[in-house]
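Following this note's numbering, the numbering of the sequence shown begins with 36 at its first residue and continues without gaps. C-beta atoms are modelled at their ideal positions from N, C-alpha and C, and glycine is treated no differently. Predicted model only: the values in this text are computed from it and were never measured.
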Amino acid sequence: MPSMTEAASIASSAATSPMILADDIHKRFGSHEVLKGVSLTLAKGEVIAVIGPSGSGKSTFLRCLNHLETIDAGRIDIEGDTLAANDAQGRARYVADAEVRRICARMGMVFQHFNLFPHLTVLQNVVEAPITVKGIKREAILPKAEELLRKVGLLDKRDAYPSRLSGGQKQRVAIARALAMEPDIMLFDEPTSALDPELTGEVLRTMRQLADEHMTMLVVTHEMGFAREVADRFIFMDAGEIVEMGAPRQFFEAPQHQRTKLFLEKIL
């Protein structure tokens, strides 16, 4: 049993651990190396925007963080707990499956294409995971689910099916569904890229509210205006690497790398 001093040190270390630590992440699909040594730390309450051209590895990186894809080499820690780390041969090894599920449950993810269950109502979509994954009683999760739908402005759609919703409404339901699992970290993979421009604003308002509430967020996005408003840091990825990282003002006004400058000239 640790002494009081050791216990205090452990508690202090846990309190200061980054929410996400990704170190030297490598990922291949066949002979194609998609991630080439990507490293990142995300602090509690921080919002990081990840930008870059299509095919740069942004979405793959997010999917590796929550185990939707497995890495070939590197280390991933979530809130101080190791999800994967290299063995003696330099190959990534994951912790036991039950531990993977426990660690990954701390992260909610919102995808580009909503991924709602079409045969379930809006409310059923939100309560499904807490009931089936966490074993929470339906009557216990219903008030929280309704509050989340109120938060995203869709309580009046609680009994509607996804086919009756606009794209923006579907994405806001997807956000409420992720929040219903009470994650400590939210990952967003281009959440507005499948939406018509007039529907984008309602999703960004919901995400802006989360940022205002100090939710820890890693956001892959092309919405530069929104990202400049809410992000604490920007990361530019290209060809499977993080080319540049910095605070918004420095990133946009004085980028250090030519690849970053060329990309920003195209999109701004």
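#1: Could you check which residue in ALA84, LEU70, ASP58 and PRO53 has the C-alpha nearest to that of MET252?
#2: What residue ranges within the region 108 to 154 form continuous beta strand (DSSP E) runs of no fewer than 3 residues, ordered along the chain?
#3: Ignoring anything shorter than 4 residues, give me the alpha helix (DSSP H) runs that lie fully in the region 233 to 278, in order along the chain.
#4: Apart from the five residues just before and just after GLY121, which ones in its own chain have a Cβ nearer than 8 Å to its Cβ?
#5: Which same chain residues end up closer than 8 Å to ARG207 when comparing Cβ atoms and leaving out the 5 residues on each side of it in sequence?
#6: Taking buried to mean at least 16 other C-beta atoms within 10 Å of its own C-beta, is LEU303 buried or exposed?
#7: For the alpha helix (DSSP H) holding GLY202, just list the boundary residues, first then last.
#8: Measure from the alpha carbon of ARG136 to the alpha carbon of each residue in THR51, ILE210, ALA164 and LEU297, then state which is nearest.
#9: What does a CB cutoff of less than 8 Å around PRO153 pick up in its chain, not counting 5 residues either side in sequence?
#10: Helix, strand or coil for ARG294, going by three-state DSSP, please let me know.
#11: Run through DSSP, which three-state label would THR51 get?
#12: When you compare only the Cα positions, how much space is there between VAL157 and LYS296?
#13: Figure out for me which residue from VAL278, GLU264 and ARG173 has the closest Cα to the Cα of GLN291.
#14: Out of SER74, LEU118, GLU300 and GLU248, which one is the CA nearest neighbour of VAL265?
#15: In whole angstroms, give me the CA-to-CA distance for ALA131 and MET259.
#16: For PRO37, which three-state DSSP category applies?
Taking the definition as stated:
#1: ALA84
#2: 108 to 113, 116 to 121, 127 to 129 and 142 to 145
#3: 259 to 265
#4: Gly is not the amino acid found at residue 121; the sequence shown has Asn there. Correct list, in chain order: ALA108, GLY109, ARG110, ALA127 and ARG128.
#5: VAL187, GLY188, LEU189, GLU237, VAL238 and THR241
#6: exposed
#7: 202 to 214
#8: ALA164
#9: TYR196, PRO197 and SER198
#10: helix
#11: The three-state reading of DSSP puts THR51 in helix, counting H, G and I together.
#12: 43 Å
#13: VAL278
#14: GLU248
#15: 39 Å
#16: Below a pLDDT of 50, predicted positions are generally treated as unreliable, and PRO37, at 44, falls in that range; no measurement from the model is reported.
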